Every structure is written in structure tokens, then in C-alpha cells.
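Residue numbers (my numbering), protein chains in the order written: chain A, 16 to 102; chain B, 107 to 367. Since the structure comes first, as C-alpha cells, the remarks are kept for the end.
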Amino acid sequence: MNRLVAAIAASLALGAAATGCHPSSNAVPPPVNRPAGNSTANSVASSTDQSDLAALNADLAGIDAATQAATEDVGAADQAAAENDNP
Amino acid sequence: MNAAKGALAAVAVAAGVTAGVTAGAAGLTGPAFAQTTASTSANTNAGPGTSSRAGGHTLSAVQAKAAHAVSQRVASLNRAISDINANKNLTSADRSAVLQILNGDLSAMNTLGAKIAADTTVSQAVADYRSIFTGYRVYALALPQARLVAAADDLSVGVVPRLTDAQSRLQALLSGKDASKDTPAVQASMADLAKQISGITTAISAGSGQNGLATSILAYTPAQWNANHSLLDPAHTQIQTARADAKAARADVKSVIQAIK
């Protein structure tokens, strides 16, 4: 009986070693050379979309800031021009 | 520009009382010293001291008004110089030209203020006082010049490149992965975006060069403003047009982003 248990344990240990997994661990081994499927393709497309959107939103933020600066500069010009500049 | 201002101020100061007459002829009807012009001719040789009068004004009163006018302008010029230095959209050439005007006026105001404080006749003080206004036009011209050039660069440097970047990115998406979202409404927004960008570019290129509007604004002199008080109106209108175009273009970009999200 003890020999049978030892043989089974040895067999399990060999199998675990072949998959890179410790026999006492429940961790799932990482995928190695997994063929590309729909899930991977979607995640790449999603990443590109986020990048495009981030760039476009950065453009919008820059446009807003510069337009606001122009508004304030025109306001300051008007304010100065409204001052009395005659003796 | 500073040379022109300096020459104008020198003429005003050297001409003494005559500067007041010239200023009056140019349409300057401000109440403060408008009635002193004629009487200063008779008081040109008035002796020194605060009791000297011209048109009812004592030397000390003229000096006090001058000190106030100079102080106001110095404060406003310093604020504008600080703002211009902090503006990230100004081209180095425009920043340099604007600062040359503002620092030139700042230096002139300080010099003129000291000169008026040391004047010993009412007529000289009045003439110098007038040149604070007619020789520099700090409020009517110099400060609006600086701010309008800054606004033009805000649009040409801060807005247009970002609009064209967004336009390129959106066009690429609509020609590629988001082709299915290129609806007539989206196409209309993209067409309007192109039109608005063109409108901004045209407005701020008015005059000569890529940023001709700023160049034109920077070239104006106090003498030109004295002859034409609407000198800056066309530039002001161009910038307002460009600003409205920028807002419309921004709305186009936003609507296309919403459509392809």
C-alpha cells in the first residue's frame, strides 16, 4: 500500500514538473504560445481606440485652453482700450 | 516702433506748449487740460514754483496728475509684461516684439514721470503731461497691441495645430477602422471642420507672412493711432472671427468623436 501511494505521488510530481506547476499549488500555469483568437484581437483594437481617443481628447483640451487664452487676451485688449488715454 | 515713439515724444517735449496745440488739433478734447492750451502760450515764461498757474492749474496739480497717469501706466505695463512672458503660445519673434514695445513704454513712462516731477514751469509740465498720452498711447494702442498679438498667436499656435492634428486623426479613423461610422452627418462635420480651420488661418494670416495679422498689429505707431482712432478695429474683428471659427471647429471635432466612439 505504501509503495502504491509513493508511486502515485511520484507520478503526480513528474506531471506537475512537466507543466511547471508545483504539486501543492492550485495556480493555473500561464499560457504559452497560445494561438491568437478573437479575445486577443479585440484587446489590441480596444487599446488602439483608447490611444486615438486619448490623443483626440488631448487635442480638445489644448484647443479649449488656447481658445480661452485668446478670449482673455481680447478681453484685456478691450479693457485697456476702454481706459481714458487722453490728457 | 520705439524709435517712432521716441521721436514723437521728443517732438512733443521739445515743442513745449506747441505740443498742446498740436494735440488739440488732433482731436484731443479731454477735459483735464483742454482749456490750458491757449493760456499756456501766455504763461510760457511763468516762473518756477508750485504757485505758477496755467489755465487755473498749478504746477503741483499738473505734476500730481502726471504722477497718477504714469503710475497707472507703469502698473498696467508691468502686468502685461508678466502675462506676455507667461503666454506659452506666443512665437519667440512676436514675444520679443511685444516686449520691446511694452518695455520701451515702461522705460519712457518712468523717464517722463521723473522729468515732469522735476519740471519748473507749468507750461513745460503740461506739455510733458500731454506726451504721456499722445506720445505713447499706452492704453489706446500699446496694451491692446500686445494683447491682440497674443490672441492671434493663441489661435495660430495654440489652436490651429491641434485642430489639424484632430482632423488628420479623425480622417484616418474614418478611412480605416471606423469607415462604417462615416455617415453623411459625420462627413458634414468634417467638411465644416476643414472650412473653419481655413477661416482661422485666413483671418490670422491677414497682411503679410504666415502670421501677418500679428505683424500688422505690431507695426502700428502712436502717431498712426492719433490720426486714426479705429486703427485696431480691423485686427480686432479678424481675431473675433477666428475665435468664433475655433469654437465652431472644436464643436465639429467633438461631434465626430462622439460619432465614432
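Ideal Cβ positions, reconstructed from N, Cα and C, are used throughout, including at glycine. Values in this document were obtained by computation on a predicted structure and should not be read as measured data.
>> Among the candidates Ile222(B), Ile238(B), Ala170(B), Ala300(B), whose CA atom is the shortest distance from the CA of Val362(B)?
In response: Within the second sequence, numbered from 1, the residue matching residue 362(B) stands at position 256. Comparing Cα positions, the closest option is Ala300(B).
> Would DSSP call Thr347(B) helix, strand or coil?
Replying inline: Locating residue 347(B) in the second sequence gives position 241, where the first residue counts as 1. Helix at Thr347(B).
>> Counting beta carbon pairs with one atom in the stretch 329-345 of chain B and one in the stretch 243-253 of chain B, are three or more of them shorter than 8 Å?
In response: yes
> What did DSSP end up calling Thr164(B) once you bin it into helix, strand or coil?
Replying inline: Your numbering for residue 164(B) matches position 58 in the second sequence. Strand, per DSSP.
> Which residues, in order along the stretch 251-269 of chain B, keep a beta-carbon less than 7 Å from a beta-carbon of chain A?
Replying inline: Arg253, Leu254, Ala256, Ala257, Asp260, Leu261, Gly264, Val265, Arg268, Leu269
>> Cutting at 6 Å between CB atoms, please list the residues of its own chain near Gln83(A), excluding the five before and the five after it.
In response: As a first step, residue 83(A) must be located in the first sequence, where it is residue number 68. So no residue of the chain qualifies.
>> Can you give me the C-alpha to C-alpha distance between Thr270(B) and Leu324(B), rounded to a whole angstrom?
In response: Taking the first residue of the second sequence as position 1, residue 270(B) is located at position 164. Taking the first residue of the second sequence as position 1, residue 324(B) is located at position 218. Approximately 27 Å between the Cα atoms of the pair.
> What's the C-alpha gap between Asp93(A) and Thr164(B)?
Replying inline: If you number the first sequence from 1, residue 93(A) lands on position 78. If you number the second sequence from 1, residue 164(B) lands on position 58. Answer to the nearest angstrom: the Cα atoms are 34 Å apart.
> Going along chain A, which residues have a C-beta under 9 Å from Leu249(B)?
Replying inline: The count along the second sequence starts at 1 and reaches residue 249(B) at position 143. Within chain A, the residues near Leu249(B) are Ala91, Ala92, Gln94, Ala95, Ala96, Glu98.
> Does DSSP classify Glu87(A) as helix, strand or coil?
Replying inline: Taking the first sequence and counting its residues from 1, the one referred to as residue 87(A) is at position 72. Three-state result, Glu87(A): helix.
>> Between Lys287(B) and chain A, is the shortest Cβ-Cβ distance under 8 Å, so that the two count as touching?
In response: Along the second sequence, read from residue 1 onward, the residue named residue 287(B) stands at position 181. By this cut-off, Lys287(B) is not an interface position.
> For Asn195(B), which option in Ala329(B), Leu254(B), Ala172(B) has the closest C-alpha, if you only look at C-alpha atoms?
Replying inline: The sequence position of residue 195(B) within the second sequence is 89, counting from 1. Of the candidates Ala329(B), Leu254(B), Ala172(B), the one whose C-alpha sits nearest the C-alpha of Asn195(B) is Leu254(B).
> Which residues in the same chain as Arg275(B) place their Cβ atom closer than 6 Å to its Cβ, once the five residues preceding and following it in sequence are excluded?
Replying inline: Walking along the second sequence from the start, residue 275(B) turns up at place 169. So no residue of the chain qualifies.
> Between which two residues does the alpha helix (DSSP H) containing Asp271(B) stretch?
Replying inline: By one-based count along the second sequence, residue 271(B) stands at place 165. Segment 266-281, the alpha helix (DSSP H) holding Asp271(B).
> Among Ser202(B), Asp351(B), Val176(B), Ala355(B), which residue has its Cα nearest to the Cα of Ile187(B)?
Replying inline: As a first step, residue 187(B) must be located in the second sequence, where it is residue number 81. The shortest Cα separation from Ile187(B) among Ser202(B), Asp351(B), Val176(B), Ala355(B) belongs to Ser202(B).
> Name the chain B residues whose beta carbon is nearer than 9 Å to that of Ala70(A)?
Replying inline: Here residue 70(A) refers to the residue found at position 55 when the first sequence is read from its first residue. What Ala70(A) touches in chain B: Asp271, Ala272, Arg275.
> Taking the alpha-carbon positions, what's the Asp298(B) to Ala355(B) distance?
Replying inline: The residue given as residue 298(B) occupies position 192 in the second sequence. The residue given as residue 355(B) occupies position 249 in the second sequence. Each residue's alpha carbon lies about 7 Å from the other.
>> Need the endpoints of the alpha helix (DSSP H) that Leu208(B) sits in, please.
In response: Against the second sequence, residue 208(B) aligns to sequence position 102. Segment 198-224, the alpha helix (DSSP H) holding Leu208(B).
> Residues in the stretch 296-315 of chain B with C-beta within 7 Å of chain A's C-beta atoms, listed in sequence order?
Replying inline: none
>> Please classify Thr321(B) as buried or exposed, where buried requires at least 16 neighbouring CB atoms within 10 angstroms.
In response: The residue labelled residue 321(B) in the question sits at position 215 within the second sequence. With 16 or more other Cβ atoms within 10 Å, it is buried.
> Is it the case that the Cβ atoms of Ala256(B) and Asn216(B) are separated by a distance below 8 Å?
Replying inline: Taking the first residue of the second sequence as 1, we reach residue 256(B) at position 150. Taking the first residue of the second sequence as 1, we reach residue 216(B) at position 110. Not closer than 8 Å, so no.
>> Does the CB of His173(B) have a neighbour CB from chain A at under 8 Å?
In response: For the purposes of this step, residue 173(B) is taken as residue 67 along the second sequence, with counting starting at 1. The amino acid occupying residue 173(B) in the given sequence is Ala; His does not appear at that position. No, because no Cβ of chain A sits closer than 8 Å to the Cβ of Ala173(B).
>> Tell me whether Gly264(B), by its Cβ, gets closer than 7 Å to a heavy atom of the ligand COA.
In response: With respect to the ligand COA, the structure shown offers nothing to examine, as it has no ligands at all.
>> Using the Cβ count rule (16 or more neighbours within 10 Å means buried), how would you classify Lys171(B)?
In response: As a first step, residue 171(B) is located in the second sequence; it is residue number 65 there, counting from the start. When all chains shown are included, Lys171(B) counts as buried.
> Which residues in the same chain as Asn41(A) place their Cβ atom closer than 7 Å to its Cβ, once the five residues preceding and following it in sequence are excluded?
Replying inline: Position 26 of the first sequence, counted from the first residue, corresponds to residue 41(A). The pLDDT assigned to Asn41(A) is 42, lower than 50, so where the model puts this residue is not dependable, and the model offers no usable value.
>> Between Ala233(B) and Ile306(B), how many whole angstroms is the CB-CB distance? I'm expecting something under 8 Å.
In response: Counted from its first residue, the second sequence places residue 233(B) at position 127. Counted from its first residue, the second sequence places residue 306(B) at position 200. No, Ala233(B) and Ile306(B) are not in contact; Cβ-Cβ is about 45 Å, not under 8 Å.
> Just to confirm, are Leu208(B) and Val180(B) a CB contact at a threshold of 8 Å?
Replying inline: Numbered from 1 along the second sequence, position 102 holds the residue referred to as residue 208(B). Numbered from 1 along the second sequence, position 74 holds the residue referred to as residue 180(B). No, the Cβ-Cβ distance between Leu208(B) and Val180(B) is not below 8 Å.
> By how many angstroms is the C-alpha of Asp225(B) removed from the C-alpha of Ala91(A)?
Replying inline: Along the first sequence, one-based indexing puts residue 91(A) at 76. Along the second sequence, one-based indexing puts residue 225(B) at 119. In a straight line, the C-alpha of Ala91(A) is about 34 Å away from that of Asp225(B).
>> Contact criterion: CB-CB distance below 8 Å. Does Asn195(B) meet it with respect to chain A?
In response: If you number the second sequence from 1, residue 195(B) lands on position 89. Taking Cβ atoms only, chain A reaches closer than 8 Å to Asn195(B), which makes this a yes.
>> I need the DSSP call for Leu247(B), collapsed to helix, strand or coil.
In response: Start at 1 with the first residue of the second sequence, and residue 247(B) comes out as number 141. Here Leu247(B) sits in helix by DSSP.
> What are the start and end residues of each continuous alpha helix (DSSP H) run of 4 or more residues lying completely inside the stretch 296-341 of chain B, in chain order?
Replying inline: 318-325, 328-333
> Of all Cβ atoms in chain A, is any one closer than 8 Å to the Cβ of Ser213(B)?
Replying inline: Here residue 213(B) refers to the residue found at position 107 when the second sequence is read from its first residue. Ser213(B) does not count as touching chain A.
> Can you tell me the Cα-Cα spacing of Gln251(B) and Val204(B), whole angstroms?
Replying inline: Position 145 of the second sequence, counted from the start, is the residue given in the question as residue 251(B). Position 98 of the second sequence, counted from the start, is the residue given in the question as residue 204(B). Going from the Cα of Gln251(B) to the Cα of Val204(B) covers about 8 Å.
> Given a threshold of 16 other Cβ atoms within 10 Å of its Cβ, counted over all protein chains shown, does Ala291(B) qualify as buried or as exposed?
Replying inline: Numbered from 1 along the second sequence, position 185 holds the residue referred to as residue 291(B). Answer is exposed; the Cβ neighbour count stays below 16.
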